Structures are given as C-alpha cells and as structure tokens.
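Structure first, then comments.
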Amino acid sequence: MSAVADRYPELRELGVEVISVSVDSHFVHKMWDENELSKMVEGGIPFQMASDQNGAVGRAYGVWDESSGVEMRGRFIIDPDGVIQAIEILTPPVGRRIAETIRQIQAFQLVRESGGTKATPAGWMPGDPVLEPGPDLVGRVWEVWNPRMEK
Amino acid sequence: MVGDADGLENEMGVRVGQPAPDFTAATYHRGEFGSVSLSDHAGKWVLLCFYPGDFTFV
Numbered sequence: 110m111s112a113v114a115d116r117y118p119e120l121r122e123l124g125v126e127v128i129s130v131s132v133d134s135h136f137v138h139k140m141w142d143e144n145e146l147s148k149m150v151e152g153g154i155p156f157q158m159a160s161d162q163n164g165a166v167g168r169a170y171g172v173w174d175e176s177s178g179v180e181m182r183g184r185f186i187i188d189p190d191g192v193i194q195a196i197e198i199l200t201p202p203v204g205r206r207i208a209e210t211i212r213q214i215q216a217f218q219l220v221r222e223s224g225g226t227k228a229t230p231a232g233w234m235p236g237d238p239v240l241e242p243g244p245d246l247v248g249r250v251w252e253v254w255n256p257r258m259e260k
Numbered sequence: 271m272v273g274d275a276d277g278l279e280n281e282m283g284v285r286v287g288q289p290a291p292d293f294t295a296a297t298y299h300r301g302e303f304g305s306v307s308l309s310d311h312a313g314k315w316v317l318l319c320f321y322p323g324d325f326t327f328v
C-alpha cells in the first residue's frame, strides 16, 4: 500500500479517492502506519484504510479467500456513477503495479470525457493517439496504430 | 447451485460494467478513527484496493 501512497498526489490530481481494505482492525492499521509506513512515505498513509474483519466487503467483491481468512489483492476502478470499470485480482505473493492502475484511470477518464466516442488502443499512454470507433475505423486501425507503438 | 446463473454470479461477486456493491467499514485515516462508505464518494472516481494484511510488503 505504500506504493499507492507514494503516487497519491498524482491520484488526487486525477480526482481519485483511494480506499484500502484488509481484515486488520483500524487499530492495527494505526500501528502499521505509525511504526512502518510512515518511515517509507512521508506523513504516512494519506488515504482511508478500511477494516473488513469479518470479510463481508471482500466477499461482496469476490476477493475473500475462505481458506486463509484474508483478502486477495483485488483492485477495482470505480467511476463517478459507481460502476466498476476495471478489476485486477492477484494471489498474495505477487504485488501490483500502481503505474498501470494510473494509466488505466487516465484511459477510462478520457473515454468518459469523450462521451464514449473515443477508445484507447493497446499500450496507450497519455498523449498517444486515440481511436474513434465507428464504421470508418473498421479495417483501418493499421493506419493509426500498430503493436510496436506500445512502449 | 452449480450451473445456476445467479449462483455463479454471486460466487464471482462483481463484474466490470456493473454497479460496485456499497459497503460501510471502520477506518483509520491520518491519525483518526472513523468510518467510510463507498457511497460517500458518489460522483468521484474511486480506487478500491484489497490486500492480504498489514505488515506485509509484496
């Protein structure tokens, strides 16, 4: 979570609220923040750290691991209408890459601001060309995009 | 429930393009205890991150 905290200013600039969730109590969140995270991220964790001690939230989101009694690494991007736009779920041993989450948020925001008239091709980064899906684009994507454009 | 479409959807929990389930949970936030509901942030983009436990660093 310190990786997310580190990029928090950028997320705030994008107008994103962050909520982290684990089975730990809010008391343990405080201990972790004060004793460890604040040594990695100046000022400690800047977002709300939620406690899901009985796993109810995790179950609702399909990330509850019944056998070990913890949440898997589930990441959900939720739009201003409360609709889930993206889901990534990893088993515990592998961590996320926050840069990819930010890229996806930027892409979803672009699509939303365009009223759904634009789409971002594979590997799209902010500033790259976007696609305007429609009859004119069919069979002509090659003119504006190719796989080698992915960095 | 196997083979039942509703049961399958319940097991999967959620899907992209579908509403995010609302919840309320106790929180720790910048030195204070409180609570948060997803609906508190209606009208905003939300990044919701689950992780296995505090004091883990993968």
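In order, the protein sequence lines correspond to chains A and B. Here the first sequence is numbered in the working numbering, starting from 110 and rising by one per residue. Here the second sequence is numbered in the working numbering, starting from 271 and rising by one per residue. Here a beta-carbon is modelled for each residue, glycine too, at the ideal position from N, C-alpha and C. Note that the structure is predicted; figures quoted are calculated from it, not measured.
Cutoff 6 Å; reference residue i; Cβ partners in own chain excluding five residues on either side
i, result
"A195(A)", "I186, Q213"
"N280(B)", "Only weak support exists for where N280(B) lies, its pLDDT of 47 falling under 50; the value from the coordinates is given anyway. Result list for N280(B): empty, nothing under 6 Å."
"P238(A)", "V253"
"H138(A)", "M158"
"F217(A)", "Q194"
Same chain, Cβ closer than 8 Å to residue i, neighbours up to 5 away in sequence not counted
i, result
"V316(B)", "A290, L308"
"D161(A)", "V130, S131, V132, G167, E180"
"E241(A)", "T226, K227, A228"
"F303(B)", "A296, T297"
"E119(A)", "I211"
Boundaries (first-last residue) of the beta strand (DSSP E) holding residue i
i, result
"Y298(B)", "294 to 299"
"E259(A)", "Looking at the DSSP string, E259(A) is not in any beta strand (DSSP E), and its letter there is neither H nor E."
"E302(B)", "302 to 307"
Residue i in three-state terms, based on DSSP
i, result
"P289(B)", "strand"
"L146(A)", "helix"
"F325(B)", "coil"
"R249(A)", "coil"
"S176(A)", "coil"
"W315(B)", "strand"
"V284(B)", "coil"
"M271(B)", "The predicted position of M271(B) is uncertain, since its pLDDT is 37 and thus under 50; no value can be drawn from it."
"V113(A)", "helix"
Unbroken alpha helix (DSSP H) run spanning residue i, endpoints
i, result
"I214(A)", "207 to 222"
"E119(A)", "117 to 122"
"A169(A)", "165 to 169"
DSSP beta-bridge partners of residue i
i, result
"S131(A)", "S160(A)"
"V137(A)", "In DSSP, V137(A) forms no bridge with anything."
"L240(A)", "A228(A)"
"R182(A)", "L199(A)"
"I193(A)", "I187(A)"
"E126(A)", "V316(B)"
Own chain partners of residue i with C-beta closer than 7 Å, once the 5 adjacent residues on each side are dropped
i, result
"T305(B)", "It should be noted that the sequence gives Ser, not Thr, for residue 305(B). Excluding sequence neighbours, S305(B) sits near T294, A295, A296, T297."
"D292(B)", "S307, L308, S309"
"P155(A)", "A114, Y117"
Interface positions of the region 126 to 137 of chain A facing chain B (Cβ-Cβ less than 7 Å), listed along the chain: E126, V127, I128, S129, V130, S131, V132, D133, H135, V137
The region 190 to 217 of chain A: positions lying closer than 7 Å to chain B by Cβ: G191, V192, I193, Q194, A195, I196, P201, P202, V203, G204, T210, I214
Residues in the region 166 to 192 of chain A having any Cβ partner in chain B nearer than 9 Å: V166, G167, R168, A169, Y170, G171, V172, W173, D174, S177, V179, E180, M181, R182, G183, R184, F185, I186, I187, D188, P189, D190, G191, V192
Within 8 Å of chain B by C-beta, residues of the region 241 to 259 of chain A in sequence order: none
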